[in-house]
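Residue numbers (the numbering used here): 4 to 384.
The C-beta atom is built at its ideal place from N, Cα and C for all residues, glycine as well.
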């Protein structure tokens with residue numbers, strides 16, 4: 004059985020879906036592993052290291068996927084590469100199904116089975132293969148490092164003979180995996196940290212990391228979390244209460260880290276242009292949610308800007324790709340764990356049981372049809 008690892012071609016994508024460590028383990032399962040040349044270059048993994056781990060180095064995507072039964076990628080391959088994947092092969096990647104539903108019809112017609120790792124159910128058994136959590140963790144860390152680099156006053160309180168430098172005040176919006184890591188990192192750098200989240204469980208998590216909680220606490224907040232651990236879309240009345248609280252909070256802080264996302268929808272706008280106008284010159288806003296439109300009204304997705312009043316707004320896309328060595332390592336382990344979970348040692352093949360909760364959560368297409376309940380055309384219409 005052959006497994007292909009593709010080079011990422013989307014702009015700004017620096018990660019790779021396998022590492023020499025995971026290649027060795029994949030070969031140990033009995034797989035022939037083909038890695039497209041240059042796949043790991045931007046994650047500091049040369050072809051020679053993949054070859055030393057037992058991989059065949061393929062000169063291009065077509066050669067890598069030729070005869071492949073399984074294809075690993077970080078993001079959904081571009082159309083040219085998708086058409087080269089053999090019928091009946093299993094493609095495992097972050098599919099981005101919500102942003103391009105029409106792509107699923109093409110994949111189904113081509114007979115490619117797709118496992119969308121971003122749709123993995125938030126259950127205990129799936130934690131070690133949860134790509135969203137592993138990548139969000141690193142994104143939260145990187146966001147604070149980028150903020151510290153952009154912030155001109157320093158993060159910790161520093162007492163010198165010439166005087167005292169006050170600590171940075173950091174406000175984190177959203178206390179999911181990325182937000183909690185941002186809180187922890189900002190605290191390690193010496194900042195005074197506060198955070199907000201609409202989910203009731205987040206309050207104690209925020210406080211446990213040494214940050215203070217800022218939030219609207221009412222009856223709606225009590226039901227603000229989905230079964231999958233994501234934030235629900237809140238009512239207009241709640242958003243107005245939240246906006247009033249944010250208006251008095253944002254201007255008091257030096258650094259704002261935005262991480263709030265709603266699964267499958269545009270990110271909620273929480274920091275308005277009026278709030279940005281209240282911030283001091285030199286303040287920094289880091290918007291991890293930029294890929295989904297951003298939590299800040301001043302964010303320009305994919306760019307770093309300075310507002311008229313001197314506030315720096317970092318709206319970079321694909322934050323995990325800004326720390327590719329670590330993010331590739333964790334992502335590759337997530338995919339290896341997924342494959343191991345459904346690997347039939349005797350048959351030396353992957354078996355995705357339709358009755359399995361994880362399979363039901365991630366499988367988009369199978370045997371030429373769209374099978375995921377959220378994307379079946381008759382239900383999605």
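Inter-segment contact for the segment 140 to 147 and the segment 108 to 116 is absent: fewer than three beta-carbon pairs are separated by less than 8 Å. The alpha carbon of residue 282 has as its nearest neighbour, out of 311, 266, 187 and 182, the alpha carbon of 311. From the listed residues 35, 101 and 154, the smallest Cα separation to residue 378 is found for 101. Within 10 angstroms of the beta-carbon of residue 356 lie fewer than 16 other beta-carbons, which makes it exposed.
Counting the other CB atoms within 10 Å of its CB gives residue 347 a total below 16, which places it among the exposed residues. Contact check for residue 286 against residue 257 passes: the beta carbons are separated by less than 8 Å. Fewer than three pairs of CB atoms, one per stretch, sit closer than 8 Å, so the segment 300 to 309 makes no contact with the segment 35 to 42. For residue 333, the closest alpha carbon among the candidates 363, 152, 132 and 354 is that of 132. Unbroken alpha helix (DSSP H) stretches of 4 residues or longer found wholly inside the segment 45 to 116: 50 to 55, 64 to 68, 82 to 85 and 105 to 112, given in chain order. Setting aside the 5 residues that flank it on each side, residue 327 is surrounded in the same chain by 17, 18, 45 and 46, each with a C-beta closer than 7 Å to its C-beta; the list follows chain order. Counting other Cβ atoms within 10 Å of its Cβ, residue 308 stays below 16 and is therefore classed as exposed.
As a beta-bridge residue in DSSP terms, residue 288 pairs with 259 and 316. A direct Cα-Cα distance of roughly 22 Å separates residue 77 from residue 360.
Around the beta carbon of residue 33, fewer than 16 other beta carbons sit within 10 angstroms, so the residue counts as exposed. Going by DSSP, residue 208 is part of the alpha helix (DSSP H) stretching over 205 to 211.
According to the DSSP assignment, residue 37 belongs to the beta strand (DSSP E) that extends over 35 to 39. Residue pairing for residue 161: DSSP places it in a beta bridge opposite 168. In the structure shown, residue 145 adopts helical secondary structure according to DSSP, grouped into three states. At least 8 Å separates the beta-carbon of residue 214 from that of residue 201. Contact check for residue 260 against residue 180 fails: the beta carbons are separated by 8 Å or more.
Proximity of the segment 77 to 96 to the segment 41 to 60 falls short of the contact definition, fewer than three beta-carbon pairs being nearer than 8 Å. Distance check between residue 324 and each of 280, 175 and 14 places 14 closest, using alpha-carbon atoms only. Taking the Cα of residue 72 as reference, the smallest distance to any Cα among 342, 358 and 49 is reached at 342. The beta carbons of residue 9 and residue 64 sit about 6 Å from each other, so the pair counts as a contact at 8 Å.
Excluding residues up to 5 positions away in sequence, 273 and 275 lie with their Cβ nearer than 8 Å to the Cβ of residue 246 in the same chain. Across the structure, residue 322 and residue 295 are spaced so that their CA atoms are roughly 12 Å apart. Residue 165 is not a Cβ neighbour of residue 175, given a cutoff of 8 Å.
For the 8 Å CB-CB criterion, residue 158 and residue 170 form a contact.
C-alpha of residue 297 to C-alpha of residue 349: approximately 48 Å in a straight line. Per DSSP, reduced to three states, the secondary structure at residue 192 is coil, with no helix or strand assignment.
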